[in-house]
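Participant:
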Amino acid sequence: MGPQPFSHDIRVRYQEVDMQRVVFNAHYMAYCDETMAAWVGDAFGWDGTDDEVDWMLVRVEMDWHGSATYGDTLTFEAGVEHWGSSSFRVLFAGSVGDRPVLTARITYVCVEPGTTTKMAVPDLLRATLATVP
1 MGPQPFSHDI
11 RVRYQEVDMQ
21 RVVFNAHYMA
31 YCDETMAAWV
41 GDAFGWDGTD
51 DEVDWMLVRV
61 EMDWHGSATY
71 GDTLTFEAGV
81 EHWGSSSFRV
91 LFAGSVGDRP
101 VLTARITYVC
111 VEPGTTTKMA
121 VPDLLRATLA
131 TVP
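For what it's worth, UniProt numbering labels the leading residue of the sequence shown as 1, then goes sequentially.
1) Answer with buried or exposed for His82, where buried requires no fewer than 16 other C-beta atoms within 10 angstroms of its C-beta.
2) Suppose the cutoff is 8 Å on Cβ atoms and the five residues either side in sequence are ignored; what does the same chain contact list for Gly71 look like?
3) Give me whichever residues DSSP pairs with Phe88 in a beta bridge.
4) CA-CA distance, Pro3 and Arg126?
5) Among all the DSSP beta bridges, which residues are the ones paired with Trp55?
6) Please report the straight-line C-alpha distance between Leu57 and Thr75, rounded to a whole angstrom.
7) Out of Val40, Ala37, Gly79, Glu112, which has the shortest C-alpha to C-alpha gap to Thr103?
8) Select from Pro5, Arg21, Ser95 the residue whose C-alpha is nearest the C-alpha of Gly66.
9) Whose C-alpha, out of Val22, Val101, Ala37, is nearest the C-alpha of His8?
10) Which residues in the same chain have their Cβ closer than 8 Å to the Cβ of Phe44, if we skip the five residues on either side of it in sequence?
11) What residues in its chain sit with their C-beta under 8 Å from that of Arg21, if we drop five residues either side in the sequence?
12) When the Cα atoms are used, what is the spatial distance from Pro122 to Gly41?
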């Protein structure tokens, strides 16, 4: 996968590594979540409180191509791969240097802030989050 619209670095912390000395699989979802929060924070100032837009994760597909360990810097790239009427799918690629570690596709559904009521994708998201080339 080539360069994506957003890039975020995460340094692997000691407590995220399991007995096999690799990042425990569940932490990769947290890394994607951290990348998404950084992206929308940079894109339009989202901070998760009192915002005009909100979304919930509804589907995850993750493939591992390698592993990361304590002290590694994982670079996560992200871009919107698909826009639906009320949902959007983000493609994440994580790597250590030039070495691919994982690819994830996460589908989010837009909800009315403060609720779990589905709503159409707001124009703000479509206008500010770049689509994967």
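Cβ coordinates follow ideal geometry from the N, Cα and C atoms, glycine included.
Facilitator: According to the structure shown:
1) Here the question's residue 82 lines up with position 82 in the sequence shown. Around the beta carbon of His82, fewer than 16 other beta carbons lie within 10 angstroms, which makes this residue exposed.
2) As a working note, residue 71 is residue 71 in the sequence shown. Here Gly71 has Arg11, Val12 as same chain residues with Cβ atoms under 8 Å from its own Cβ, once five neighbours each way along the sequence are excluded.
3) In the sequence shown, the residue the question calls residue 88 occupies position 88. For Phe88, which the question treats as bridged, DSSP gives the partners Trp83, Tyr108.
4) Within the sequence shown, residue 3 is the residue found at index 3, counting from 1. Within the sequence shown, residue 126 is the residue found at index 126, counting from 1. Bear in mind that the predicted position of Pro3 carries a pLDDT of just 44, short of 50, making it too unreliable to give a figure here.
5) Locating residue 55 in the sequence shown gives position 55, counting from the first residue. According to DSSP, which records beta bridges pairwise, Trp55 is partnered with Cys110.
6) Within the sequence shown, the letter at position 57 stands for residue 57. Within the sequence shown, the letter at position 75 stands for residue 75. Distance between the alpha carbons of Leu57 and Thr75 is about 21 Å.
7) As a first step, residue 103 must be located in the sequence shown, where it is residue number 103. Measuring from the Cα of Thr103, the nearest candidate turns out to be Gly79.
8) Here residue 66 refers to the residue found at position 66 when the sequence shown is read from its first residue. When each option's Cα is compared against that of Gly66, the closest is Ser95.
9) Mapped onto the sequence shown, residue 8 falls at position 8. Of the listed residues, the one whose Cα sits closest to His8 is Ala37.
10) To locate residue 44, count along the sequence shown from 1; it is residue 44. Cβ within range, chain order: Leu124, Thr128.
11) The count along the sequence shown starts at 1 and reaches residue 21 at position 21. Closer than 8 Å at Cβ, skipping near neighbours: Thr69, Tyr70.
12) Residue numbering aside, residue 122 sits at position 122 when the sequence shown is read from its first letter. Residue numbering aside, residue 41 sits at position 41 when the sequence shown is read from its first letter. Rounded to the nearest angstrom, the two C-alpha atoms are 16 Å apart.
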